[in-house]
Amino acid sequence: MEGVYPRIQVRARQEKAEIHWGDETGVLSVEHHPRGYAPEGKTPVLVLPQSGRIRINLIASITAQGKVRFMCYTGPFSADPMIRFLRRLIRGAERKVFLILDNHKVHHSRKVRDWIAKYPERIELFFLPPYSPDLNPDEYLNADLKARLHAGEPVKDGTHLKRKVLSHLRSIQKQPHRVRKYFNAECIHYAA
Numbered sequence: 004m005e006g007v008y009p010r011i012q013v014r015a016r017q018e019k020a021e022i023h024w025g026d027e028t029g030v031l032s033v034e035h036h037p038r039g040y041a042p043e044g045k046t047p048v049l050v051l052p053q054s055g056r057i058r059i060n061l062i063a064s065i066t067a068q069g070k071v072r073f074m075c076y077t078g079p080f081s082a083d084p085m086i087r088f089l090r091r092l093i094r095g096a097e098r099k100v101f102l103i104l105d106n107h108k109v110h111h112s113r114k115v116r117d118w119i120a121k122y123p124e125r126i127e128l129f130f131l132p133p134y135s136p137d138l139n140p141d142e143y144l145n146a147d148l149k150a151r152l153h154a155g156e157p158v159k160d161g162t163h164l165k166r167k168v169l170s171h172l173r174s175i176q177k178q179p180h181r182v183r184k185y186f187n188a189e190c191i192h193y194a195a
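Set out below in structure tokens:
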């Protein structure tokens, strides 16, 4: 925070790059914690569909200016979905992207490094210190998404879960002021 990140900021200004923080997460259909009401003395009962555990994975990035980019995918996190996300990220970028990530092994994989090496004028990766999720502003996007999903109606099936995830993420994309507030947290204020 005192040495590396200020140097990234200086380079970003010099190269007219945009700084993004990225992370991946998964959302499960069984994470819903509903509330209910019943007459006094009666236990509220809420019958949920038996759709099993449905999971949606996503990769997202945010900026201190409130920009959100995301991509949903199925299957395990590997170099392939990471590269698809990176390709989409630079395709929509007007400036070079400095992407700050955690130290997941996929981020350091040969396949990802080889892909990044092809586009040095478009994207560059930087890494947070090991075991420091508290320094990644994108974790607040993940928490915001999961809190919102828990507050709504229970998930009925995979299509419903995906619709809810996409709806909320698109809503956040239209609220840059909301994303900028993530950077008010004391541990990531350095990135504001």
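If you're matching positions, the sequence shown starts at 4 in the numbering used here and goes up one per residue.
Even glycine gets a Cβ: it sits at the ideal position worked out from N, Cα and C.
Could you name the residues that DSSP lists as bridge partners for residue i?
i           : result
residue 72  : 64
residue 129 : 103
residue 148 : Bridge partners of residue 148: none, in fact.
residue 31  : 58
What number of angstroms, rounded off, separates the C-alpha of residue i from the C-alpha of residue j?
i           : j           : result
residue 97  : residue 90  : 13 Å
residue 120 : residue 16  : 21 Å
residue 134 : residue 177 : 31 Å
residue 138 : residue 190 : 6 Å
residue 125 : residue 187 : 29 Å
residue 22  : residue 12  : 8 Å
residue 113 : residue 83  : 12 Å
residue 8   : residue 168 : 31 Å
Taking only three categories from DSSP, how would you classify residue i?
i           : result
residue 110 : coil
residue 160 : coil
residue 175 : helix
residue 58  : strand
residue 26  : strand
residue 169 : helix
residue 189 : helix
residue 21  : strand
residue 154 : helix
residue 121 : coil
residue 45  : coil
residue 88  : helix
residue 8   : helix
residue 142 : helix
residue 136 : helix
residue 15  : helix
residue 181 : helix
Quick test of your reading: residue i and residue j, contact by CB under 8 Å. State the CB separation rounded to the nearest angstrom.
i           : j           : result
residue 60  : residue 29  : 5 Å
residue 128 : residue 153 : The Cβ separation is near 32 Å, so there is no contact.
residue 161 : residue 57  : 5 Å
residue 175 : residue 144 : 7 Å
residue 71  : residue 148 : With 8 Å as the limit, residue 71 and residue 148 do not qualify as a contact, their Cβ atoms being about 10 Å apart.
residue 67  : residue 183 : 7 Å
residue 140 : residue 65  : 6 Å
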